[in-house]
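Below: one structure, written as structure tokens.
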Amino acid sequence: MPSVDARGASASSSHSRRASMDDAKAALRKYYGYDSFRPGQEALIRAVLEGRDALGVMPTGAGKSLTYQIPGIVMPGLALVISPLVSLMHDQVRGLVDAGVRGSYINSSFSPAVQAEIMRRARDGAYDLMYVAPERLSDPAFRSFVMGMEVPLIAIDEAHCVSQWGQDFRPSYLEILEFIDAYGIARGARPPVIALTATATEEVRDDIARLAGLTDPEVVVTGFDRPNLRFSVEQMNPKAKRMRIASFVAAHRRESGIVYCATRREVEETAAFLQEHGFSAAAYHAGLSPAERTENQKRFIDDDALVMVATNAFGMGIDKSNVRYVIHNNMPKSLEAYYQEAGRAGRDGDPSECLLLWCDKDISTCRYFIDTPTENGSLTEEQARAVHAAQVKLLNAMIAYCRTTGCLRRCMLAYFGDDVPADPCGNCSNCQGDFASIDMTQVARACVACVRELGYPYGKTVIADVVRGSKSQKVTDGGFDALPSYGSVRATASAVKDVIELLATEGVLDISAGQYPTVGLGARAGAVDAEDFSLSVKVPRRTPDAQADHLRKPGSTGSFAAVGAGAGVGSDALFERLRALRKSIAAARGLAPYMVFTDRTLHGMCDRMPSTEMEMLEVNGVGARKMRTYGDAFLAEIAAWRQER
Numbered sequence: 004m005p006s007v008d009a010r011g012a013s014a015s016s017s018h019s020r021r022a023s024m025d026d027a028k029a030a031l032r033k034y035y036g037y038d039s040f041r042p043g044q045e046a047l048i049r050a051v052l053e054g055r056d057a058l059g060v061m062p063t064g065a066g067k068s069l070t071y072q073i074p075g076i077v078m079p080g081l082a083l084v085i086s087p088l089v090s091l092m093h094d095q096v097r098g099l100v101d102a103g104v105r106g107s108y109i110n111s112s113f114s115p116a117v118q119a120e121i122m123r124r125a126r127d128g129a130y131d132l133m134y135v136a137p138e139r140l141s142d143p144a145f146r147s148f149v150m151g152m153e154v155p156l157i158a159i160d161e162a163h164c165v166s167q168w169g170q171d172f173r174p175s176y177l178e179i180l181e182f183i184d185a186y187g188i189a190r191g192a193r194p195p196v197i198a199l200t201a202t203a204t205e206e207v208r209d210d211i212a213r214l215a216g217l218t219d220p221e222v223v224v225t226g227f228d229r230p231n232l233r234f235s236v237e238q239m240n241p242k243a244k245r246m247r248i249a250s251f252v253a254a255h256r257r258e259s260g261i262v263y264c265a266t267r268r269e270v271e272e273t274a275a276f277l278q279e280h281g282f283s284a285a286a287y288h289a290g291l292s293p294a295e296r297t298e299n300q301k302r303f304i305d306d307d308a309l310v311m312v313a314t315n316a317f318g319m320g321i322d323k324s325n326v327r328y329v330i331h332n333n334m335p336k337s338l339e340a341y342y343q344e345a346g347r348a349g350r351d352g353d354p355s356e357c358l359l360l361w362c363d364k365d366i367s368t369c370r371y372f373i374d375t376p377t378e379n380g381s382l383t384e385e386q387a388r389a390v391h392a393a394q395v396k397l398l399n400a401m402i403a404y405c406r407t408t409g410c411l412r413r414c415m416l417a418y419f420g421d422d423v424p425a426d427p428c429g430n431c432s433n434c435q436g437d438f439a440s441i442d443m444t445q446v447a448r449a450c451v452a453c454v455r456e457l458g459y460p461y462g463k464t465v466i467a468d469v470v471r472g473s474k475s476q477k478v479t480d481g482g483f484d485a486l487p488s489y490g491s492v493r494a495t496a497s498a499v500k501d502v503i504e505l506l507a508t509e510g511v512l513d514i515s516a517g518q519y520p521t522v523g524l525g526a527r528a529g530a531v532d533a534e535d536f537s538l539s540v541k542v543p544r545r546t547p548d549a550q551a552d553h554l555r556k557p558g559s560t561g562s563f564a565a566v567g568a569g570a571g572v573g574s575d576a577l578f579e580r581l582r583a584l585r586k587s588i589a590a591a592r593g594l595a596p597y598m599v600f601t602d603r604t605l606h607g608m609c610d611r612m613p614s615t616e617m618e619m620l621e622v623n624g625v626g627a628r629k630m631r632t633y634g635d636a637f638l639a640e641i642a643a644w645r646q647e648r
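Using the working numbering, you'd call the opening residue of the sequence shown number 4 and step up by one each time.
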């Protein structure tokens with residue numbers, strides 16, 4: 004049961020006046036150790052304190068959680084946070100409690116007796132914030148409890164889950180509006196509602212506002228650009244991916260990173276491969292027992308396992324700021340999902356890498372998952388069709404990103420409707436020329452002509468065989484060798500299939516769902532007839548160092564384990580000492596290291612070299628509570644280091 008030491012906690016439950024921005028700024032300094040809000044935070048917090056609804060779209064690491072935590076601290080009553088991150092609520096609340104915030108949560112891991120005790124304490128004013136999953140809103144005991152409480156704010160975290168156009172649509176989120184309305188009826192008025200997400204197109208934002216019942220909300224979109232992230236995309240054979248990952252991890256050996264895989268089997272095999280070659284890797288997927296997942300997550304958070312190999316079940320709500328790279332072993336199902344997962348790198352603002360490896364099989368896997376949904380049973384047939392169509396559209400945008408020959412950053416910003424810089428970023432794999440751009444306009448026109456001539460949907464292989472002039476039995480038996488498009492291009496079968504996929508992402512062709520997809524004409528099929536139509540594909544100039552000719556047995560000269568052994572951040576001697584101190588304190592208190600101080604705060608100590616409590620409090624990330632709890636130990640370590648020098 005989460006219990007909170009109320010010493011030093013907010014006394015907001017006794018406030019008789021409306022909380023102000025001065026209260027919010029004081030809480031920011033006291034509990035979080037910062038003097039000013041990040042872009043977008045202040046406008047959202049001000050709106051909530053004024054009793055208005057709000058919608059915030061802020062990239063991972065931009066501080067979304069503060070926009071409801073701060074109001075929850077300073078407003079009287081119990082702020083309710085609706086979050087899908089059930090398995091991570093403990094860590095989220097533990098971080099709040101360690102900072103002196105009166106936080107709590109209720110989820111299915113607690114017995115009914117424990118849940119009843121938490122609600123009893125909440126009625127007695129023990130908490131300022133309570134985290135719950137959306138499924139909890141339909142529980143009669145919980146509803147009865149909430150209807151009797153003063154709730155000054157309802158926050159909807161990961162709000163894109165409410166939208167059928169979003170990448171993580173959850174039907175349970177549709178119950179939120181009914182719950183909010185019921186509370187308003189029971190209490191005479193409903194509280195302000197703030198909805199937050201890291202990734203949402205304008206279409207998804209509109210859907211969130213409608214389905215969450217937001218009234219004239221303050222909308223803040225801080226921008227999706229993360230200048231500290233370098234994006235790379237590499238298409239390669241599935242067998243080459245594992246060696247490419249090992250080579251990359253070797254070059255970042257002392258750094259923390261995440262490797263995402265599409266299936267549990269790939270997670271297990273990739274983690275085992277890395278472990279065999281001397282890397283401290285852990286695995287995370289839904290097939291592991293809760294105890295195994297918890298232990299592996301803890302090892303990663305505590306920096307005991309530097310590499311976490313996981314399905315997309317891992318990462319949401321993980322506030323580990325020093326992740327230096329995120330590798331995707333497979334193409335995600337949407338740009339939203341990719342940006343959210345890749346954005347877990349570099350939350351501290353330091354340079355970080357986002358590498359996406361993909362192959363044609365990844366597209367088939369994504370289509371399989373789209374065609375076999377797991378959470379749409381409660382939807383009407385019309386709703387299910389709309390969700391399916393939306394997910395196909397999202398996948399097409401993801402494929403277009405992987406295949407684009409333009410700047411990856413500009414492609415992503417344009418997709419999210421953000422301001423697109425006039426010039427390429429110069430800091431992605433496309434801008435840095437890791438591929439050659441090949442004109443495939445003739446092939447594209449031939450493929451569309453072939454689909455028209457066939458007059459009936461066939462698979463990509465048949466179309467590729469026809470336009471390449473194949474004498475396969477299916478072509479000759481069908482009389483397809485008499486078609487005008489037969490033998491009209493000279494290209495490999497894989498290149499033709501790539502063109503078909505790219506045309507599908509642009510709406511020129513349409514690829515059906517199902518186990519055996521077929522190709523038909525898309526809504527924009529006529530585009531290929533225009534004189535100015537052109538289409539290019541990218542081909543690697545060189546095979547990435549995934550060839551890994553230097554791969555040998557673990558421990559041998561030139562093995563992955565030996566490569567990059569001296570690489571990585573943290574060469575500064577004082578920083579390493581402070582990091583070691585942080586780890587020992589965290590272990591003794593049962594905390595994740597970042598809950599003590601983040602890497603960025605440790606770097607701030609190295610830069611400022613504080614020698615007094617007042618100087619330490621000037622370091623960003625050092626609040627009054629943390630100064631009292633940890634400050635003396637870090638001041639002593641800095642003084643010892645200074646004396647030794």
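Even glycine gets a Cβ: it sits at the ideal position worked out from N, Cα and C.
Please read all numbers here as calculations on a predicted model, not as lab measurements.
In this structure, K242 and N332 do not form a Cβ contact; the two beta carbons are roughly 12 Å apart against a cut-off of 8 Å. Here the stretch 176–188 makes no contact with the stretch 219–237; the two share fewer than three CB pairs at distances below 8 Å.
The beta-bridge partner set that DSSP reports for K541 consists of S440. Using a Cβ distance threshold of 8 Å, I179 and P220 do not count as a contacting pair. For the options E616, F637 and M612, the alpha carbon positioned closest to that of S587 is the one of F637. Sequence-distant Cβ neighbours of A526 in its own chain, meaning closer than 7 Å and more than five residues away, are G510. Within the same chain, and ignoring the five residues on either side of I248 in sequence, the residues whose Cβ sits closer than 7 Å to its Cβ are V262, T273, I330 and N332.
Contact check for G462 against D374 fails: the beta carbons are separated by 8 Å or more.
Within 10 angstroms of the beta-carbon of R370 lie 16 or more other beta-carbons, which makes it buried.
With contacts defined by Cβ atoms closer than 8 Å, V270 and V312 form a contacting pair.
When DSSP states are grouped into helix, strand and coil, R257 belongs to the coil group. Between the alpha carbons of I121 and T408 lies a gap of roughly 55 Å. Using a C-beta cut-off of 8 Å, the stretch 416–427 makes no contact with the stretch 356–368, since fewer than three inter-stretch Cβ pairs fall below that distance.
Nearest Cα to G352 within the set R233, V252, C264 and I402: R233.
Between the C-alpha atoms of G290 and P195 there is a straight-line separation of about 39 Å. Measuring C-alpha to C-alpha distances from F40 to each of D101, G523, Y71 and L83 identifies Y71 as the nearest. Using a 10 angstroms sphere on the CB of N315, the tally of other CB atoms reaches 16 or more, which defines it as buried. In the structure shown, S147 falls within a helical segment according to DSSP collapsed to helix, strand and coil. Residue pairing from DSSP places D513 in a beta bridge opposite G523.
Counting only unbroken stretches of 4 or more residues, the alpha helix (DSSP H) elements lying wholly within the stretch 279–337 are 293–304, in sequence order. Per DSSP, the unbroken alpha helix (DSSP H) holding G607 starts and ends at D602 to R611. When the beta-carbon positions are compared, S259 and R603 stay at least 8 Å from each other. Between I402 and I366, the CB-CB gap stays under 8 Å. Here the alpha carbon of T615 sits roughly 52 Å from the alpha carbon of S141. Linking D468 to M239 through their CA atoms gives a straight-line distance of about 23 Å.
Inter-segment contact for the stretch 299–308 and the stretch 280–289 is present: three or more beta-carbon pairs are separated by less than 8 Å. For S355, there is no enclosing alpha helix (DSSP H); the enclosing beta strand (DSSP E) has its first and last residue at S355 to W361. With fewer than 16 other Cβ atoms inside 10 Å of its own Cβ, G54 counts as exposed.
Listed in chain order, the beta strand (DSSP E) runs fully inside the stretch 23–104 are 57–60 and 82–85, counting runs of at least 3 residues. Per DSSP, the continuous beta strand (DSSP E) segment holding M133 begins and ends at L132 to V135.
DSSP places V117 in the uninterrupted alpha helix (DSSP H) bounded by P115 to R126. Assigned with DSSP and collapsed to three states, S250 falls in helix. The continuous alpha helix (DSSP H) containing L505 extends over residues A496 to T508.
Taking the Cβ atoms as the reference, I197 lies roughly 14 Å from A203, outside the contact range of under 8 Å.
According to the DSSP assignment, E237 belongs to the beta strand (DSSP E) that extends over L232 to Q238. The alpha-carbon of G98 is positioned some 35 Å away from that of L411.
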